[in-house]
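Below you'll find the structure, written out as structure tokens, and then a few comments.
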Amino acid sequence: KELKKLAREGCWATSHALRARLYHQLIQQVSCRLITPDALVYRDVASRLFGKPGGSSHPLPEFLEGCPMPTYCLNPEGVTALRKILICVGNLFPDITYSPILPSLVALLLHYSEDEAQCFESISRLLASNAPHTSYIDQSFLAHQASCMTFGDLANKHCPAAHKLIASASENIFEVYSEWLSWLFHDLPFAYAIRVLDVFLLEGQKVLYRIALALLKQFRLSGSSAEPEGTDIKADLQAFVQNIAEHVTVDKLLERAFGIRLFSRKEIWLLQMANRKALMERGITMVQSRQPFHLAVDMQNFSSSIVTTQEMRLVWSWIPERFSLFPPLLLFSTSQDGCSLQRFYTCCEGYEPTVLLIKTTEGEVCGAFLSSDWSERKKSGATSAFFGTGECFVFTVRPEAERYEWVFIKQPELAKAVPRSRQRSPSPCPDSRPGSCPGS
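Using UniProt numbering, the first residue of the sequence shown is number 1, and each one after it goes up by one.
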């Protein structure tokens, strides 16, 4: 606890030598695979790869194609060492297929390593970490996308104002959240990024979620995009992070980050696993490098008598990321199926999750997201019992768009960590009315 406090308060920043020594000690304590390449292995491989004329012309690993390559004030020798380390990582970790933050971490660690061999050993241990419910560096497109979806889920919960702003300004909110790691290890200035690395090495990936959420909150507070229509929210966020020093100090940013009441490390890991499962159902594999994603609801062809395309985009952004990957299927509509409650139950039972949209005679629109099957209401012989999970919520669309979550205070055990498998829909829904379901 004392070490965490010192790292969060920036006590390591007072001495370059102190930070270098602590980095080495922290990384040596990382639990990793029995056979993990070390400094000696690096020297051997590097001598074979770069020990002859023209050796430095080796291409970077394929998994870094298109990834940003920040150098964080490294001199020309440092940039050469960065490339050599990345090439050796590609040789010694052939299972890595996608890892966009790897160059940033290597560049930062180089500043605090005795030589490139020690830096390689440090990054090697982070890559080979096998601690339960812990991951330092995503090494596949599947893992990276699951992390991005998890951040989207957390932003939806902890930064509702910023989330609403982004959903209103972007046709694909997932594309915006896919940049969250780049905010930390590409866009942040060096003085901020190194403080992020301080707590990351000590506490793991969970702190990255915290700091990115704090950036999102600060972005909304700064009023950087008060008028969302027609703005490039992705570029606005990047510019905001790059100029973060104009808005908040690094100490205040970290203070706000650690003031966010986040899920436990295990709960975040379970959420990531659920998101990975949804991505695999979508056809994403461990070995592919990358694949573009599109919003599940086709806004070009979307039509509804209840909500506009803009309103549906906002509602869709509130749904947990792993469900919003899939297009909805219309299960029930009063205009087609009548107003029988029994028929409504008959049409909706057997599907989960579902979105319920209701429009009043006065034009107001409200609804609910239900993560469980409607048939669960009949459990234990009751017809009006509580059912659902902690992911359920109700919302209004008109006159004001607002989401209202369930708060578990007396019975937190009612919230299930990972819902069971859901059915999926093969085709989008032409009209989203009561009972529209993002599953088949």
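No residue lacks a Cβ here, since even glycine has one placed at the ideal position from N, Cα and C.
For serine 129, DSSP records a beta bridge to Cys32. Taking C-beta atoms under 8 Å as the contact rule, glutamate 402 and threonine 396 qualify, at a distance of about 5 Å. The three-state secondary structure of alanine 274, taken from DSSP, is helix. With fewer than 16 other Cβ atoms inside 10 Å of its own Cβ, alanine 235 counts as exposed.
Contact annotation: cysteine 348 and phenylalanine 326 have beta-carbon atoms that are not nearer than 7 Å. Taking 7 Å as the cut-off, the beta carbon of alanine 128 is found no closer than this to the beta carbon of cysteine 88.
Contact check between the region 199 to 214 and the region 14 to 29: three or more CB pairs, one atom from each, fall below 8 Å, which counts as touching.
Nearest neighbour of phenylalanine 258 by Cα position, chosen from Ile211, Leu215, Ile123, Glu246, turns out to be Ile211. With contacts defined as CB atoms closer than 7 Å, alanine 131 and serine 264 fail to qualify as a contacting pair.
For arginine 276 and glutamate 362, the gap between their C-alpha atoms comes out near 42 Å.
Burial state of histidine 16 is exposed, judged by a 10 Å Cβ sphere holding fewer than 16 other Cβ atoms. Between the C-alpha atoms of valine 196 and glycine 51 there is a straight-line separation of about 35 Å. Inter-residue distance for glutamate 321 and cysteine 11 is about 37 Å (C-alpha atoms, whole angstroms). Distance check between threonine 97 and each of Asp138, Leu213, Glu171 places Asp138 closest, using alpha-carbon atoms only. By the CB criterion at 7 Å, proline 37 and serine 140 fall outside the cutoff. Pairing glycine 338 with alanine 161, the inter-Cα distance amounts to about 37 Å.
Non-local C-beta neighbours of leucine 254 in its own chain, meaning closer than 6 Å and more than five positions away in sequence, comprise Arg8, ordered along the chain. Closest in alpha carbon position to phenylalanine 120, among Gly78, Leu370, Asp153, Ser147, is Gly78. Serine 375 is not a Cβ neighbour of threonine 389, given a cutoff of 7 Å. Look at glycine 10 here: in three-state DSSP terms it is coil, with no helix or strand label. Closest option to lysine 4, judged by alpha-carbon separation, among Lys157, Leu279, Ala39, Val207: Val207. About 18 Å separates the beta carbon of leucine 188 from that of isoleucine 260, a gap too long to meet the 8 Å contact definition. In terms of CA proximity to threonine 360, Val307 leads the group Leu154, Tyr351, Val307.
With a beta-carbon spacing of about 15 Å, serine 303 and tryptophan 316 fall beyond the 8 Å limit used to define contacts.
Burial state of asparagine 156 is buried, judged by a 10 Å Cβ sphere holding 16 or more other Cβ atoms. It is roughly 15 Å from the alpha-carbon of aspartate 251 to the alpha-carbon of lysine 217. Residue range 76 to 92 is occupied by the alpha helix (DSSP H) that includes threonine 80. Distances from the alpha-carbon of glutamate 246 to those of Ala368, Leu215, Leu357, His163 put Leu215 closest. In its chain, beyond the 5 residues on either side, Ala214 have a beta carbon closer than 6 Å to the beta carbon of arginine 256. Taking the Cα of aspartate 44 as reference, the smallest distance to any Cα among Leu270, Tyr345, Ala117 is reached at Ala117.
Under the DSSP assignment, arginine 48 falls in the alpha helix (DSSP H) whose first and last residues are 39 to 50. A direct Cα-to-Cα measurement between leucine 270 and cysteine 159 gives close to 21 Å. Unbroken alpha helix (DSSP H) stretches of 4 residues or longer found wholly inside the region 126 to 194: 141 to 158, 160 to 169, 173 to 177, given in chain order.
Partner residues in the beta bridge of leucine 356, as assigned by DSSP, are Ala368. Judged by beta-carbon spacing, proline 100 lies beyond the 7 Å limit of cysteine 148, meaning their Cβ atoms are not closer than that value. Between serine 122 and serine 113 a beta carbon distance of about 7 Å is seen, short of the 8 Å cut, so the two are scored as contacting.
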